[in-house]
Each structure stands twice: as C-alpha cells, then as structure tokens.
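If you're matching positions, the sequence shown starts at 64 in my numbering and goes up one per residue. Glycine is no exception: its CB is placed at the ideal position from the N, C-alpha and C atoms.
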Amino acid sequence: MKDRLFDGISASAYWDGVIQRVSGKAHYLDAFLGELKRQAHWALIQRWGGLPRTGRILKTDLFEEAMGPDAYLTTLSDNGGLTIGVDVSPAVAQRAQGHDRSLRACYVAGDARRLPFGNDAFALIVSPSTLDHFPDPSDLGRSLRELARVLEPGGRLIITLDNRQNIFDPLLRAVHRLGWVPYFLGRSYSIRELRHELESAGFVVQETTAILHNPRLIAVAAVRLAKKLRWRPLMTLVQRTLIAAQRLEGTRVRYYTGSFVAAKAVRNMAK
Ligand SMILES: C[S@@+](CC[C@H](N)C(=O)[O-])C[C@H]1O[C@@H](n2cnc3c(N)ncnc32)[C@H](O)[C@@H]1O
C-alpha cells in the first residue's frame, strides 16, 4: 500500500484538509437530499437483515456523521450493542463525535486498509461508498480483505460503491476532473466488478441492487434552483419527482439509474 497518496500527503492529512475546507460551508446535500440518501441506506440495511440482535456493528467512514444531513450511525446503535464508526481522518472522526452528544456510538480514527480491530470482531459492517475514494484502485481488494478479516463467521457486509453504469457517471467524472467536486473521487464500479472484487476477497455475495435513483448533480442543481426561486410549487414538484424516482430500483433499469451499486455479502467459510 502506498502511504503517501494525494500529491505527497497522507490520506489522513488529505481528508483532514477536506473536512476543514467544507465545514462552515453549506453541504452540497440540503436537508431533503440528505434525508433521501439516509433513507435509501437505512432501507437497504433493514431489507438485508436489519440490525443484528447481538454483536458489534462497524461503519467504515464518518463523513455523513461529520456533515449531518445524511447521518445514521447512531440509528445503527439501536440494537444495544457496541457501534463503531471508523474514518481515516482524525478530524472527520472528531467532528462526527461532536454531533453525538450522548455518545451512542464510538468514533475511531483508522484506515479501512489496515483496520485497528482484531479478527471476527463485528456482526455487521456497513461500508457506504468509502472504498471508492482510493487513488490506487488495488486498495479496494486490500480493504475488502480487511473487512472479511474483522467480520465474525456468519456476519454480514452491506457495501455501496459509486456506480460506473449510471448514465450520469461520465458527467460526474468530468465535473470531478474540472475540480468542482470538493473531494477526491476514486474509481466507480459496475455491479459485476463489485461482485468480482467481493468474491476475490473471500465473500459470498447474497444480494445486489442499485440505490439512490437521482442523478446527483442534476438533483442538487434542481433543488438549489427551486430554493433560489422560492417558488413552493416548483420545490414540491422537484421533491415529489425525486421521491418517485426511487421506484426505479424495482425495475430492470436500476443499474443505469442508481447512484450506488450495493451488495450484501457474507464471509466465505470455505476459505
Ligand atoms: C467524501 S466521503 C464519501 C463517503 C461517504 N460515506 C458519503 O457517502 O458521503 C469519503 C470518506 O471516506 C473517508 N476515507 C477515505 N479513505 C479512507 C480509508 N482508507 N479508511 C477509512 N476512511 C476513509 C474520508 O475521510 C471521508 O470521510
């Protein structure tokens, strides 16, 4: 693993810098879009087995909890077990912890490519578009093997990655190249690639889908325009359209419209 990544600085220093730059500014997701994203992830977790009755839960980054509108780590702690969020950036972890006044979860600075946890430690791991932010794409396999190591036998991984097949993915990449995305985007993945990476890392894939069926850039622009114009009927129309678009998940075009590919996987006990 290359340790000095982003133009000579470490991953933790790079992401510390990102959170310092974006905090204090309005999040690119407003309250409505943040809630739509939060609900899409929460619905997936519930549909794919819900919270484990016992055992620890891990979330592999804390950006949502640091920023606010799409946070759900404390909801994961509703099973009463230990819930841990890890993030390579100490600043992100600290900011996330600051939003959890009653400390319902634990906030740890650590790297998904070499997790600071022992083997078989977690019953459920939720990895929400964390492992698609590596400058070196081979780090996806490395971190998936780490997730397999810390997952207990019979434990579940629910993972999402940026969707390469999304028809708007080339537009998002172009905007990223222009420097208009506030942070580094790594590779995006097709569902076939995600499945292959999981199987190579020692997982058995049980379910797949694609979630969050709104072109991110267009959804953000539409909500901003409706807010700027302060025209209530337009705002209602935009919000209703975005909610209705989530039904695309139940159709054959889901892998072309979803922002994220998603999989539920368990450790391959034969390995
Ligand atoms: C820009 S956010 C996007 C992911 C976030 N779940 C979301 O959907 O908004 C990327 C997050 O992943 C964290 N991150 C990047 N590399 C990581 C690594 N190797 N281990 C753990 N966290 C990492 C960053 O610090 C940042 O908080």
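{"Check": "Closest residue to residue 176 among 306, 264, 138 (Cα-Cα distance)", "Outcome": "264"}
{"Check": "As assigned by DSSP and simplified to three states, the class of residue 325", "Outcome": "strand"}
{"Check": "Top-ranked residue by Cα proximity to residue 202, from 187, 95, 249, 121", "Outcome": "249"}
{"Check": "Proximity of residue 122 and residue 136 at Cβ, strictly below 7 Å", "Outcome": "yes"}
{"Check": "Neighbouring residues (CB closer than 5 Å to any heavy atom of ligand 1)", "Outcome": "78, 124, 126, 150, 151, 152, 155, 174, 175, 191, 192, 193, 196, 246"}
{"Check": "Beta carbon of residue 184 nearer than 7 Å to that of residue 151", "Outcome": "no"}
{"Check": "Residues near residue 331 by beta carbon distance below 7 Å, same chain, minus five either side", "Outcome": "265, 266, 267"}
{"Check": "Paired residues, beta bridge with residue 226 - DSSP", "Outcome": "252"}
{"Check": "Reference residue 124, options 237, 191, 132, 81, closest by Cα", "Outcome": "191"}
{"Check": "For residue 269, the first and last residue of its enclosing alpha helix (DSSP H)", "Outcome": "Unbroken run through residue 269 is the beta strand (DSSP E), 266-274; no alpha helix (DSSP H)."}
{"Check": "Segments assigned beta strand (DSSP E), at least 3 residues, entirely inside the segment 154-194", "Outcome": "169-172, 185-191"}
{"Check": "Residue 162 versus 131, 148, 180, residue with shortest Cα-Cα distance", "Outcome": "131"}
{"Check": "Residue 278 burial status per 10 Å Cβ neighbour count (16 or more: buried)", "Outcome": "buried"}
{"Check": "Where residue 299 sits in the DSSP three-state scheme", "Outcome": "helix"}
{"Check": "Meets three-Cβ-pair contact criterion under 8 Å: the segment 218-228 and the segment 103-122", "Outcome": "yes"}
{"Check": "Extent of the continuous alpha helix (DSSP H) run through residue 100", "Outcome": "94-110"}
{"Check": "As assigned by DSSP and simplified to three states, the class of residue 141", "Outcome": "helix"}
{"Check": "Residue 205 versus residue 291 - alpha carbon distance", "Outcome": "44 Å"}
{"Check": "Between the CA atoms of residue 289 and residue 195 - distance to the nearest angstrom", "Outcome": "31 Å"}
{"Check": "Three-state secondary structure assigned by DSSP to residue 146", "Outcome": "strand"}
{"Check": "Per-residue DSSP class, three states only, for residue 69", "Outcome": "strand"}
{"Check": "DSSP three-state assignment for residue 293, whether helix, strand or coil", "Outcome": "coil"}
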